[in-house]
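The structure appears below as structure tokens.
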Amino acid sequence: MTPAFMDIFKEWADRYDFAVNGNDLEYKDVFVNYPFMLNEAAKRATGKTIEFGPGTGNLTLLLLARSIEVIAVEPSPDMAAIGEAKTGIEFEQGDFLNFDAETADTIISSFAFHHLTDEEKEQALKQYADILTADGQVIILDTMFNSEKEKKEMIHDYTEAGSHNLVADLNREYYPLKEVMSKIAKRQGFTYESVQLNKFAHLQILKKKKFKQPTDLIGHTPLVELTHFDLPADVRLFAKLEMYNLGGSVKDRLGINLIESAIKRGEIRNEVVEATAGNTGIGLALACQQHNLALKVFLPEKFSIEKQAIMQALGAAIVHTDASLGMVEARRQAKAYADETGAYYANQFETEDNPASYEGLYQELKEELGTIDMMVAGAGSAGTFTGLAERMKPDGARAVIVEPEGSILNGGPSGSHRTEGIGVEVWPTFLKRDLIDAVETISDDDAFRMVQELAQKEGLLVGSSSGAAMVAALKQAENVQGNIVVIFPDASDRYISQKIFKSKGEL
Ligand SMILES: Cc1ncc(COP(=O)(O)O)c(C=O)c1O
């Protein structure tokens, strides 16, 4: 809220009650039926209630009379002094965006929400969505316009009538359009209803939506225990099923974080470019679709056509690079494109934003398992491994990194492999050697055989990098006691064209 408003509140404090009671003739129409309107708002409040901008305490009094527990948050000391004297409760210093409360059942406000710009209104609702309980609601009683045309006509009429203070108010403050309020509310996960109570005032009720939005489906994937494989008696094996992310892989976590971190730093203009084997492209395509950004993906042509089709469906443009020159060539071309056009190069192989994307994955696993004694993850960019190992090793976990034969982490020569999504041609810049307790190098045959075994023994339909990680976890199970967690990055069905369910002899 701008400091200018604080001066207005100072001026207003003394004459506010005079105006709301209908004595200020310019504001008479704004406050027609004031006691009735406040009562309509107050009677909907339930549970722990935060009232923003209680001002001189008129709504607060009605809430207290209904035995509602009220936290009154008021920015203006002048208003608060009057309100506190009237209600007998202490007001907290704060405003719509800056306050202390951590939970609430109801957030309520009368004739104050218009002090926020539309952008601030959205930020406020975003915060409220976080602190409100599952059945929580926001109740806003305030002036609002049904259309731009209505606003213009009212400003015209009240100018004619000589209500200059009111007109100045209508022009200066951020009285919203109903359509805008409804959009902002829905974007922040609320249902939106409003009832008009006089020529100016609308009572708006925003309830937390019981249904998820698509982007809520990034993260919070299921963790399952695998019980159909032979394990040492003191070992339990858990798999994190990252195929349940919205875009079908662990890389949705990366995509959304790469884009939102760069937006926050102000580094994205309108286009994003990346080199990827596929899943990162899908994660980025989802994030770009959410933020209305264009995405160009450089991709060696050998990779699965299913992943390419999904990326394209989400709006990405694909450029094929020579498969025999590997990811190194795709990266060179992506960087050259960014240099040439000013597009934002997401650069998953080098940016620290990559490992940082897995903070949420770490938190979920810690919450689900308590103690983690060993973590097993494949490495392509090594972001998943690094993000998890950096966070889990201080908690005492051993970190096992998995690669296919043909990847260079164990010092072996670079070469081609069927296992898709993992494998490293050059050492990832952010991968520190001391994070690695063991490298497991798994043959394509073993990885693909394990894909079939996981389908038949556990009913899990995973990609070949999950197969490789599972082989590695079973090998390493001898070296640990307690809980092993293995990351399964994606599902089988995006590799049907790559004959995921066929082993070498059947190809
Ligand atoms: C199927 C699959 N598994 C594993 C990985 C490896 O993840 P990271 O790049 O974080 O090492 C990827 C990366 O693209 C992948 O697509």
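Everything in the sequence shown is counted per full-length UniProt numbering, starting at 1 for the first residue and increasing by one. The C-beta atom is built at its ideal place from N, Cα and C for all residues, glycine as well. Bear in mind the structure is a predicted one, so any value in this text is a computation, not a measurement.
Excluding five sequence neighbours on each side, which residues of the same chain lie with their C-beta closer than 7 Å to the C-beta of residue i?
{"i": "Ser-18", "result": "The sequence given here places Phe at residue 18; Ser does not occur at that position. So the qualifying residues of the chain are Asp-24."}
{"i": "Lys-502", "result": "none"}
{"i": "Leu-62", "result": "Leu-38, Asn-39, Ala-42"}
{"i": "Tyr-244", "result": "Thr-221, Pro-222"}
{"i": "Thr-87", "result": "Gly-57, Thr-60, Leu-61, Leu-64"}
{"i": "Val-20", "result": "Phe-31, Tyr-34, Asn-58"}
For residue i, collect the residues of the same chain with a Cβ closer than 6 Å to its Cβ; drop the 5 residues on either side in sequence, then sort them by chain order.
{"i": "Ala-323", "result": "Pro-300, Glu-301, Lys-302"}
{"i": "Phe-385", "result": "Ala-377, Ala-379, Ile-401"}
{"i": "Met-375", "result": "Leu-388, Met-392, Ala-397, Ala-399, Val-485"}
{"i": "Leu-295", "result": "Val-272, Leu-284, Ala-285, Cys-288, Ala-316"}
{"i": "Gly-247", "result": "Ile-282, Gly-283, Leu-286"}
{"i": "Lys-366", "result": "none"}
Taking the alpha-carbon positions, what's the residue i to residue j distance?
{"i": "Ala-185", "j": "Asp-493", "result": "37 Å"}
{"i": "Gln-333", "j": "Gly-326", "result": "12 Å"}
{"i": "Ser-357", "j": "Gly-383", "result": "8 Å"}
{"i": "Tyr-174", "j": "Ile-89", "result": "29 Å"}
{"i": "Ser-416", "j": "Ala-399", "result": "25 Å"}
{"i": "Ile-354", "j": "Ile-282", "result": "Correcting the residue type first, residue 354 is Asn in the shown sequence and not Ile. The straight-line gap from Cα to Cα measures roughly 15 Å."}
{"i": "Asp-78", "j": "Gln-196", "result": "30 Å"}
{"i": "Leu-461", "j": "Phe-448", "result": "12 Å"}
{"i": "His-156", "j": "Leu-293", "result": "40 Å"}
{"i": "Glu-242", "j": "Gln-456", "result": "19 Å"}
{"i": "Gly-22", "j": "Asn-270", "result": "51 Å"}
{"i": "Ala-45", "j": "Gly-55", "result": "18 Å"}
{"i": "Gly-342", "j": "Ile-310", "result": "26 Å"}
{"i": "Gly-463", "j": "Phe-488", "result": "8 Å"}
{"i": "Phe-211", "j": "Val-328", "result": "43 Å"}
{"i": "residue 550", "j": "Ala-338", "result": "Residue coverage of the chain in this structure runs from 1 to 507, which leaves residue 550 outside it and unanswerable."}
{"i": "Glu-120", "j": "Phe-31", "result": "25 Å"}
{"i": "Glu-98", "j": "Ala-13", "result": "Correcting the residue identity first, residue 98 is Asn in this sequence and not Glu. About 21 Å."}
{"i": "Glu-453", "j": "Ile-140", "result": "57 Å"}
{"i": "Phe-229", "j": "Ile-496", "result": "25 Å"}
{"i": "His-320", "j": "Lys-499", "result": "21 Å"}
{"i": "Glu-440", "j": "Asp-130", "result": "41 Å"}
With 16 as the cutoff for other CB atoms within 10 Å, does residue i come out buried or exposed?
{"i": "Val-424", "result": "buried"}
{"i": "Asp-490", "result": "buried"}
{"i": "Thr-49", "result": "buried"}
{"i": "Asp-373", "result": "buried"}
{"i": "Leu-314", "result": "buried"}
{"i": "His-114", "result": "buried"}
{"i": "Glu-403", "result": "buried"}
{"i": "Arg-187", "result": "exposed"}
{"i": "His-202", "result": "buried"}
{"i": "Glu-478", "result": "exposed"}
{"i": "Gln-363", "result": "exposed"}
{"i": "Val-426", "result": "exposed"}
Is DSSP giving residue i helix, strand or coil here?
{"i": "Arg-391", "result": "helix"}
{"i": "Glu-150", "result": "helix"}
{"i": "Gln-363", "result": "helix"}
{"i": "Asn-270", "result": "coil"}
{"i": "Tyr-34", "result": "helix"}
{"i": "Ala-346", "result": "coil"}
{"i": "Met-327", "result": "helix"}
{"i": "residue 511", "result": "What is shown of the chain runs 1 to 507, which leaves residue 511 out entirely."}
{"i": "Ile-500", "result": "coil"}
{"i": "Tyr-244", "result": "helix"}
{"i": "Arg-253", "result": "helix"}
{"i": "Gln-204", "result": "strand"}
{"i": "Ser-414", "result": "coil"}
{"i": "Pro-214", "result": "helix"}
{"i": "Val-451", "result": "helix"}
{"i": "Thr-227", "result": "coil"}
{"i": "Ile-422", "result": "coil"}
{"i": "Leu-197", "result": "coil"}
{"i": "Phe-5", "result": "helix"}
{"i": "Met-144", "result": "coil"}
Here's a check: name, in chain order, each residue in its chain whose Cβ is nearer than 8 Å to the Cβ of residue i, leaving out the five neighbours to either side.
{"i": "Glu-359", "result": "Gly-387, Arg-391"}
{"i": "Glu-350", "result": "Pro-428, Thr-429, Phe-430"}
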